[in-house]
Amino acid sequence: MKLSEKNKDFFEMVFQVVQLIPPGRVTSYGAIARYLGSPQSSRMVGWAMHASHQVPGIPAHRVVNRIGLLTGRIHFDPPEMMEKRLQQEGISVKNDAVVDFKKIFWDPNVELEIK
DNA sequence: GTCTTGACGTTTA
DNA sequence: CTAAACGCCAAGA
Numbered sequence: 006m007k008l009s010e011k012n013k014d015f016f017e018m019v020f021q022v023v024q025l026i027p028p029g030r031v032t033s034y035g036a037i038a039r040y041l042g043s044p045q046s047s048r049m050v051g052w053a054m055h056a057s058h059q060v061p062g063i064p065a066h067r068v069v070n071r072i073g074l075l076t077g078r079i080h081f082d083p084p085e086m087m088e089k090r091l092q093q094e095g096i097s098v099k100n101d102a103v104v105d106f107k108k109i110f111w112d113p114n115v116e117l118e119i120k
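Okay, so the first sequence: first residue is 6 according to my numbering, each after it adds one.
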């Protein structure tokens, strides 16, 4: 086993889940972290998202914190792109927060029917 | 090499 | 109810 591959394992897992998020839906870092088997390592998901900047096809704008707040929008090239992109998919954003977040919340553990 | 910060979340006071 | 601390792991300084 190569050390390089081992290091990417967690990040790639996050990327895969994020790409699986259907349009008009959002998920939280904690949900992904829990899906990976580390419910308390939600911060790592955020780091993975940061790394996603170098990987095209990663809709990081669909990933928000547990309250639906666009905490990571500042990290986007134009910070406005995140909420703009969400609205483009039919998601309403108010005050940097997703409207009806609970309704459009996409949980990989549920949608993917794990166990 | 150590220390601090960080796209979070849960638990405890 | 709100406020603060802890846990998790990685990367930057």
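All C-beta atoms, glycine included, are put in the ideal place defined by N, C-alpha and C.
Check whether residue i and residue j have beta carbons under 9 angstroms apart
i: Val50; j: Leu41; result: yes
i: Tyr34; j: Met54; result: yes
i: Met87; j: Gly77; result: yes
i: Val111; j: Pro44; result: The question names Val, but residue 111 in the sequence shown is Trp. Not closer than 9 angstroms, so no.
i: Val23; j: Pro61; result: no
i: Phe81; j: Ala56; result: no
i: Val69; j: Val103; result: yes
Residue i, enclosing alpha helix (DSSP H) - first and last residue
i: Ala56; result: Ser47 to Ala56
i: Ala38; result: Tyr34 to Leu41
i: Phe81; result: Here Phe81 belongs to no alpha helix (DSSP H), and DSSP marks it neither H nor E.
i: Ile109; result: Phe106 to Ile109
i: Gln93; result: Glu85 to Gln93
Whole-Å CB distance - residue i paired with residue j, under 8 angstroms assumed
i: Leu75; j: Asp105; result: That pair is no contact at about 14 angstroms.
i: His58; j: Leu91; result: That belief does not hold up - the Cβ atoms of His58 and Leu91 are roughly 18 angstroms apart, past 8 angstroms.
i: Ala36; j: Pro113; result: 6 angstroms
Proximity winner among the options, relative to residue i (alpha-carbon distances)
i: Lys108; options: Leu117, Asn114 and Ser97; result: Ser97
Any non-hydrogen atom of the ligand NAP closer than 8 angstroms to residue i Cβ
i: Lys99; result: Ligands in the displayed structure: none, and consequently the ligand NAP is not present.
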